[in-house]
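Working notes for the structure below.
Next up, the structure:
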């Protein structure tokens, strides 16, 4: 049990949180869910380091970009991979997701595609070329 990969999910949609939590736990992950960025950041800094953060972009009060900036400004967490969830995809947005995260996936998403991307991110996170991308300067 102690070797389970920890995934933290931040999304203001409680249905997505519950669905992803159930899906990922069935696939062997330890999952923590947060419906806002502030609660997530408090727990991020006081709890165990996650293997992956799944982060919604469009949330009230604190956007996913704001949360991402906080993660990247922390020496302890700056290399934690982020998989962005987004309802809007444009060319500029795609470039931002790739520059500041490990990957992104558009809502609504295919469950198998999501699981495949998570597995790929977690398998690649020890590679030197992957780690270099995780030190990107936070976005403005």
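Numbering (the numbering used here), first residue to last: 1005 to 1144. Beta carbons: idealized from backbone N, C-alpha and C, even for Gly. Here the structure is a predicted model, which is why all the values come from computation and not from measurement.
Beta-bridge pairing of residue i - partner residues as DSSP gives them
i            : result
residue 1088 : 1059, 1108
residue 1034 : 1010
Spatial distance of residue i from residue j (CA atoms)
i            : j            : result
residue 1047 : residue 1095 : 33 Å
residue 1104 : residue 1072 : 8 Å
residue 1068 : residue 1029 : 23 Å
residue 1122 : residue 1109 : 10 Å
residue 1076 : residue 1117 : 26 Å
residue 1078 : residue 1084 : 10 Å
residue 1093 : residue 1010 : 27 Å
residue 1055 : residue 1089 : 17 Å
residue 1091 : residue 1126 : 23 Å
residue 1040 : residue 1074 : 14 Å
residue 1053 : residue 1036 : 11 Å
residue 1038 : residue 1070 : 15 Å
residue 1051 : residue 1034 : 13 Å
residue 1082 : residue 1061 : 18 Å
residue 1013 : residue 1021 : 7 Å
residue 1019 : residue 1111 : 13 Å
residue 1008 : residue 1099 : 31 Å
residue 1043 : residue 1080 : 18 Å
residue 1049 : residue 1128 : 24 Å
residue 1017 : residue 1124 : 25 Å
Supposed contact pair residue j and residue i - C-beta distance, whole angstroms, cut 8 Å
i            : j            : result
residue 1087 : residue 1114 : With 8 Å as the limit, residue 1087 and residue 1114 do not qualify as a contact, their Cβ atoms being about 14 Å apart.
residue 1058 : residue 1027 : Actually they do not touch by this definition, with Cβ atoms about 11 Å apart.
Member of the options whose CA lies at the smallest distance from the CA of residue i
i            : options                : result
residue 1066 : 1035, 1021, 1119, 1045 : 1045
residue 1015 : 1008, 1031, 1049, 1064 : 1064
residue 1119 : 1032, 1043, 1049       : 1032
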